[in-house]
Amino acid sequence: MTETKRTAGERVLPVAVMIGALLLWWGLAAAHVFPESLFPAPLAVGKGVVEEIVTGRLVNDLVASLFRVTAGFLLAVVLGIPLGLVLGSYGRARAALLPAINFFRNLSPLAWIPFAILWFGIGDSPAVFLIFMASFFPIVLATVAAVATIPMVYFRVAHDYGLTGWEMLMRVTLPAIAPQVITVLRVTAGLAWVVVVAAEMIAGRDGLGFAIWDARNGLRIDLLVSGMIVIGLIGVVIDRLLFRLTRIPSVRWGYER
Amino acid sequence: MNDKLLCLDDISHSFGGVEVVRRFSLDIEPGEFVAIVGPSGCGKTTILNILSGFVRPTSGRVGCEGRARMVYQHDGLFPWLTVAENIALGLRHIGDAGERNRQAEDLLTLIRLRGFEDHYPHQLSGGMRQRVELARALAGDTDILLMDEPFSALDYLTRLRMRRELALMLEESPRTVVLVTHDIEEAAQLADRVIVLSDRPARIRCELRIDLPRPRDLTHPEVVDGIHRLLSELGLEEERSDVRGDLFVDA
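Protein sequences, first through last, are from chains H and F.
Numbering of the first sequence is given in this note's numbering, commencing with residue 6 and proceeding in unit increments.
Numbering of the second sequence is given in this note's numbering, commencing with residue 341 and proceeding in unit increments.
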């Protein structure tokens, strides 16, 4: 239970770095080191963010992107974990499918973009498809690995105390793999957030990815940068939210040894 | 059929062509504490697994009257359940929730871990974890405890303490115990009957009876004599003539 309290210095330091970076940015912009059309000033970007909020575009794009990520990611979780459980439990199924899953795991999800557009056109579906392709295979593989490494003694204890079938799954297998699965969910959610931006840049009419692509086309580099900042911040927020899962009391054991 | 609680009759077992147990017979009476000692890899644990029904012997007959539970070396507790939830696992078959809670409370008192019911295993020391493991196995109306080197992962002093606690717990709630161990001291300090096994394939090499109430001091003369008997039988000490105790050597 090492709950290390952060010292005042450790709390101030990141803020100081952030302010320093902003000042450096502001200084470089003010000194016109780079042409203004290629290097926007912080103030212009701030105005851009306000403008995007006022017109309602930011919220609209944010909702669109979050919806796609959530849909694709949840689909991958709902299908990936059960498949991982099956493959983790049956050696023959594992032997049959693992090479194929490994292949798709190592194939960049962005390579699916052409097919995504050919099959699903423009809008939500191609992005959801790409996010699914990015998330599904890592989730399956991590679940397989987690199931395969559950100590035998847990199953013996379960047997001794009469836990079988559904109860075995819910009270032994799932809690035993939970810490590892939560870790891969964090990694995969980050990946999904990366992929949605790429998907929207090419196959979207809205969303944060589309917004920065549109900003580039309109030569609005202030909006381009404001979009980037929002994307980065949301990515951090998603990770922090999933990090909270590791704080659930019944999974703490997986992170403390 | 007979009054034996547990019996193994002419058991042989092989794992993939390797003979682990050969023509092994053992009768255990209700309330007996039997320790099985022997060189590592001799098939001790296999015998325990056969007794628990986890392994089906290649040939021979297993008889078991009563509910047997295994106590594992370490990490047999579910780390995702609290102390209370782990113990409750052993009380699953009790229908009445009030009765279940009462028994859980009693067990927590028995293992002196009241106040720790909401702790998770990783927040406990090794000795505390093993006490919870014991409580879970004792829970409900178990008849037989099958213990597979239950204290081997603990440090020496904790091990001594746990032996004492086990003896006291058994006084409180008597059970038939089969203890597999490579710790001669542990066997002599706890068991009514110590069975010494040969190298693989496991056969009974000799049997030592120690009639002495528990808990016993490790330095009690009869315990010390027992240790000497066992060590000399294993060829680790020179035999002396002044020792007590009955050692039955199998023909």
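The C-beta atom is built at its ideal place from N, Cα and C for all residues, glycine as well.
- By the beta-carbon neighbour count (other beta carbons within 10 angstroms, threshold 16), GLU439 (chain F) is exposed.
- Taken through DSSP and simplified to helix, strand or coil, ARG540 (chain F) comes out as coil.
- The alpha-carbon of TYR496 (chain F) is positioned some 35 Å away from that of SER352 (chain F).
- When 7 Å is used as the limit between beta carbons, SER255 (chain H) is near these residues of chain F: TRP420, in chain order.
- Straight-line spacing of the CA atoms in ILE24 (chain H) and ARG249 (chain H) works out to 27 Å.
- Note on ALA116 (chain H): under 16 other CB atoms within 10 angstroms of its CB, so exposed under the neighbour-count rule.
- Identification of chain H residues near TYR412 (chain F) by a Cβ-Cβ cut-off of 8 Å yields VAL158, ARG161, VAL162, ordered along the chain.
- Under a 10 Å Cβ-count criterion, SER70 (chain H) is classified as buried, with 16 or more other Cβ atoms of the shown protein chains found around its own Cβ.
- Between ALA477 (chain F) and VAL411 (chain F) the beta-carbon gap is near 5 Å, inside 8 Å, which marks them as a contact.
- When H:ASN222, H:LEU246, H:VAL202, H:ASP227 are compared, the shortest CA-CA separation from LEU67 (chain H) is found for H:VAL202.
- Annotation: GLU359 (chain F) to HIS568 (chain F) spans about 30 Å, alpha carbon to alpha carbon.
- Just measuring C-alpha positions, the residue of F:ILE427, F:SER538, F:GLU505 sitting nearest PRO514 (chain F) is F:GLU505.
- Runs of the alpha helix (DSSP H) spanning 4 or more residues and lying entirely within the stretch 97-137 of chain H occur at 118-125, in chain order.
- Straight-line measurement puts the Cα of LEU417 (chain F) at about 16 Å from the Cα of LEU485 (chain F).
- For LEU464 (chain F), no beta strand (DSSP E) run applies, since DSSP gives it neither H nor E.
- TRP218 (chain H) places its beta carbon 9 Å or farther from that of ILE236 (chain H).
- Between ASP415 (chain F) and the set F:PRO555, F:ALA408, F:ARG471, F:VAL361, the nearest pair of CA atoms involves F:ARG471.
- Pairwise C-beta distances place the stretch 166-182 of chain H out of contact with the stretch 108-126 of chain H, as fewer than three of them are shorter than 8 Å.
- Two segments are said to touch when three or more pairs of C-beta atoms, one from each, lie closer than 8 Å; by this definition the stretch 77-90 of chain H touches the stretch 132-145 of chain H.
- In chain order, ARG161, HIS164, ASP165 make up the part of chain H whose C-beta sits under 9 Å from the C-beta of PHE394 (chain F).
- DSSP links PHE355 (chain F) through a beta bridge to F:VAL358.
- Just measuring C-alpha positions, the residue of F:LEU464, F:GLN413, F:ARG407 sitting nearest THR422 (chain F) is F:LEU464.
- Taken in chain order, the complete alpha helix (DSSP H) segments of 4 residues or longer contained in the stretch 386-472 of chain F are 423-429, 437-450.
- Ranked by Cα distance from GLY467 (chain F), the options F:PRO490, F:ASP481, F:GLY480 are led by F:PRO490.
- Judged by their CB atoms, ASP532 (chain F) and VAL374 (chain F) are nearer to each other than the 9 Å cut-off.
- With a threshold of 16 other beta carbon atoms within 10 Å, ARG442 (chain F) falls short and is exposed.
- Neighbours of ARG432 (chain F) across chain H, judged by C-beta separation under 7 Å: TYR166, GLY167.
- A distance below 8 Å between beta-carbons, with the five flanking residues on each side excluded, links GLY128 (chain H) to the following residues of its chain, in chain order: ALA208, GLY209, ARG210.
- Look at ARG556 (chain F) here: in three-state DSSP terms it is coil, with no helix or strand label.
- Boundaries of the alpha helix (DSSP H) harbouring LEU90 (chain H): 62-94, taken from the DSSP string.
- Nearest in C-alpha terms to VAL534 (chain F), of all of F:LEU552, F:PRO541, F:MET502, is F:LEU552.
- For ILE376 (chain F), the pairing in a beta bridge is given by DSSP as F:VAL520, F:ILE535.
- Burial state of ASN222 (chain H) is exposed, judged by a 10 Å Cβ sphere holding fewer than 16 other Cβ atoms.
- Contact of TYR496 (chain F) with chain H by beta-carbon distance below 8 Å is absent, the smallest such distance being about 23 Å.
- ASP349 (chain F) has F:ARG401 as its beta-bridge partners, per DSSP.
- For ASP227 (chain H), the number of other beta carbons within 10 angstroms of its own is at least 16, and it is reported as buried.
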